[in-house]
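Protein chains in written order, with my numbering: chain A, 629 to 836; chain B, 629 to 836. All residues carry an ideal CB built from backbone N, CA and C; glycine is no exception. Below is one structure; the comments refer to it alone.
Protein chains: 2
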Amino acid sequence: MIFSSKLIEDAVQEFSKLPGIGKKTALRMVLQLLRMDKQEVDSFTGAVSRMRHGIQFCADCHNVSDGVKCDICANPGRNRSQVCVVETIRDVIAIESTQQYSGLYHVLGGILSPLDGIGPDQLNITTLQSRVKDTGVTELIMALSPTIEGDTTVYYIARQLAPFKINITTIARGIAFGGELEYADEMTLARSIAKRLPIENYVTVQGK
Amino acid sequence: MIFSSKLIEDAVQEFSKLPGIGKKTALRMVLQLLRMDKQEVDSFTGAVSRMRHGIQFCADCHNVSDGVKCDICANPGRNRSQVCVVETIRDVIAIESTQQYSGLYHVLGGILSPLDGIGPDQLNITTLQSRVKDTGVTELIMALSPTIEGDTTVYYIARQLAPFKINITTIARGIAFGGELEYADEMTLARSIAKRLPIENYVTVQGK
Numbered sequence: 629m630i631f632s633s634k635l636i637e638d639a640v641q642e643f644s645k646l647p648g649i650g651k652k653t654a655l656r657m658v659l660q661l662l663r664m665d666k667q668e669v670d671s672f673t674g675a676v677s678r679m680r681h682g683i684q685f686c687a688d689c690h691n692v693s694d695g696v697k698c699d700i701c702a703n704p705g706r707n708r709s710q711v712c713v714v715e716t717i718r719d720v721i722a723i724e725s726t727q728q729y730s731g732l733y734h735v736l737g738g739i740l741s742p743l744d745g746i747g748p749d750q751l752n753i754t755t756l757q758s759r760v761k762d763t764g765v766t767e768l769i770m771a772l773s774p775t776i777e778g779d780t781t782v783y784y785i786a787r788q789l790a791p792f793k794i795n796i797t798t799i800a801r802g803i804a805f806g807g808e809l810e811y812a813d814e815m816t817l818a819r820s821i822a823k824r825l826p827i828e829n830y831v832t833v834q835g836k
Numbered sequence: 629m630i631f632s633s634k635l636i637e638d639a640v641q642e643f644s645k646l647p648g649i650g651k652k653t654a655l656r657m658v659l660q661l662l663r664m665d666k667q668e669v670d671s672f673t674g675a676v677s678r679m680r681h682g683i684q685f686c687a688d689c690h691n692v693s694d695g696v697k698c699d700i701c702a703n704p705g706r707n708r709s710q711v712c713v714v715e716t717i718r719d720v721i722a723i724e725s726t727q728q729y730s731g732l733y734h735v736l737g738g739i740l741s742p743l744d745g746i747g748p749d750q751l752n753i754t755t756l757q758s759r760v761k762d763t764g765v766t767e768l769i770m771a772l773s774p775t776i777e778g779d780t781t782v783y784y785i786a787r788q789l790a791p792f793k794i795n796i797t798t799i800a801r802g803i804a805f806g807g808e809l810e811y812a813d814e815m816t817l818a819r820s821i822a823k824r825l826p827i828e829n830y831v832t833v834q835g836k
């Protein structure tokens, strides 16, 4: 695309660095910003800048945080004996948004993937061990990807934490609510039959 | 969505004000910015801020501009006798990107639409008249939307400029290159037959 303004071109260039944003979408955003009041644009750039410069990672769970500890770890109302182990902060946001979980989290920062050079030292596993050792955790809920790497990570962590005799669970896999059997992949369908539940466990999730 | 960081939440909120960006896409962008170096993010916010505060509108053609006159109007190599009349700066970018047009532009800022309260006074029509009157323009190429409003605007401008005896043309409408007849709408197909061209006019556009 040929712009007759370097200012526009630079802004479009910067937007196209974001994921899934091509030149045309970037231009649409830039032109929208151009239509907005200067104060609104200042509020946009200010929020982005404060976010990048101000964000910290929680010393306990490695979730994003506005201070030394994240809001979840700092909340006295959360159940400190349960820790849900996830790969990324996106997973924390997804689970928090269900409003169904009241325990704490531990963000690993990825999963074991030797081919990509990600071993135990690249993940937040040592701090997970310390938490289990020192803070009265009784259950770890593993909410990792249902892939070979995810399973490997679950087994690795379970082995590392075996001495502590805590309860290690994984989130349920199966057919999604509202999902139709004929569109489910064979693996999921097969496992949802193999791991079928007694009818009294069939509860509907409340809330949004 | 529930975020455990106000900084993230604010940034997501700001991104979701952009067109076509929902909360999930906004979060993906914010998390990408979080992964980027602080300098890169400063370069992003800097470009956006400089764009919004620095941009001007060309005194001649109302295109976006880094100075009083836009790069196109300021370019001595452009053909000053031809002016292409468009609705928005996006149209200028689209036509410039074909690299096939060497004349000037005039950005109307919209088209006549009485129902939306857009009359001649809301558009840059007076300045177009002055340009035609004072600057030796011999041809106006009307590149407006092929809608009733667009056609009305073309007729209105043509009538206003009738005293100046300039050549007023509109861009060709028809089946797109590579377009298949069976998928063309009836109106376009009917008009492309009615306005058929002698074979010697059938030239292929060069360049990209």
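Look at M815(B) here: in three-state DSSP terms it is helix.
Contact annotation: L655(A) and V669(A) have beta-carbon atoms that are not nearer than 8 Å.
Per DSSP, reduced to three states, the secondary structure at Y729(B) is coil, with no helix or strand assignment. D688(A) has its alpha-carbon roughly 14 Å from the corresponding atom of V720(A).
The continuous alpha helix (DSSP H) containing R678(B) extends over residues K666 to G682. Cβ atoms of I753(A) and M770(A) stay farther apart than 8 Å, at about 12 Å. For R718(B), the three-state secondary structure derived from DSSP is helix. The alpha-carbon of A790(B) is positioned some 24 Å away from that of T716(B). Under DSSP, S693(A) shares a beta bridge with Q684(A). Contact annotation: T798(A) and V782(A) have beta-carbon atoms nearer than 8 Å. Comparing C-alpha distances from S693(A) to each of P826(A), M679(A) and R706(A) shows the shortest one belongs to M679(A). Contact residues of the region 653 to 672 of chain A toward chain B are T653, L655, R656, M657, V658, L659, Q660, L661, L662, M664, K666, E668, V669, D670, S671 and F672 (C-beta to C-beta distance below 8 Å). Apart from sequence neighbours up to five positions away, the residues of its chain that approach G650(A) with a beta-carbon distance below 8 Å are S644, ordered along the chain. Contact check for V713(A) against L661(B) fails: the beta carbons are separated by 8 Å or more.
Of the candidates Q667(A), K666(A), K652(A) and L646(A), L646(A) places its Cα closest to the Cα of S671(B). Contact between L659(A) and G682(B) is ruled out by a C-beta separation of about 15 Å, above the 8 Å threshold. In this structure, the beta-carbon distance from C698(B) to N707(B) does not fall below 8 Å.
Residues of the region 672 to 683 of chain B whose Cβ lies closer than 7 Å to any Cβ of chain A, in chain order: F672, T673, A675, V676, S677, R678, M679, R680, H681, G682 and I683. I803(A) has its alpha-carbon roughly 34 Å from the corresponding atom of G764(A).
Proximity of F631(B) to chain A, defined by a Cβ-Cβ separation below 8 Å, is satisfied. For the region 806 to 830 of chain A, the beta-carbon criterion of a distance under 8 Å to any beta-carbon of chain B is satisfied by none of its residues. Annotated as proximal: V711(B) and R759(B), with beta-carbon spacing under 8 Å.
Every beta strand (DSSP E) of 3 residues or more that sits fully in the region 733 to 813 of chain B is shown, in chain order, as 767 to 770 and 795 to 798. Counting the other CB atoms within 10 Å of its CB gives F631(B) a total of 16 or more, which places it among the buried residues. Taking C-beta atoms under 8 Å as the contact rule, L736(A) and E777(A) fail to qualify, at a distance of about 11 Å.
The alpha carbon of L772(B) has as its nearest neighbour, out of K793(B), E637(B) and Y784(B), the alpha carbon of Y784(B). R824(A) places its beta carbon 8 Å or farther from that of R801(A).
Under the three-state reduction of DSSP output, S709(A) falls in the strand class. Taking 8 Å as the cut-off, the beta carbon of H734(B) is found no closer than this to the beta carbon of L751(B).
Using a Cβ-Cβ cut-off of 8 Å, L732(A) does not count as an interface residue toward chain B, since no Cβ of chain B sits closer than that to its own. Going by DSSP, F631(B) is part of no alpha helix (DSSP H) at all; its letter is neither H nor E. Interface flag for P704(B) against chain A is unset, since no Cβ pair is found closer than 8 Å.
About 4 Å separates the Cβ atoms of T673(A) and T673(B), confirming a contact at the 8 Å cut-off. For K652(B), the enclosing alpha helix (DSSP H) has its first and last residue at K651 to R663. When CB distances to chain A are screened at a threshold of 8 Å, the residues of the region 683 to 696 of chain B falling below it are I683, N691, V692, S693 and D694, in chain order. If the five residues before and after E637(B) are omitted, its C-beta is found closer than 8 Å to the C-beta atoms of F631, all from its own chain and listed in chain order.
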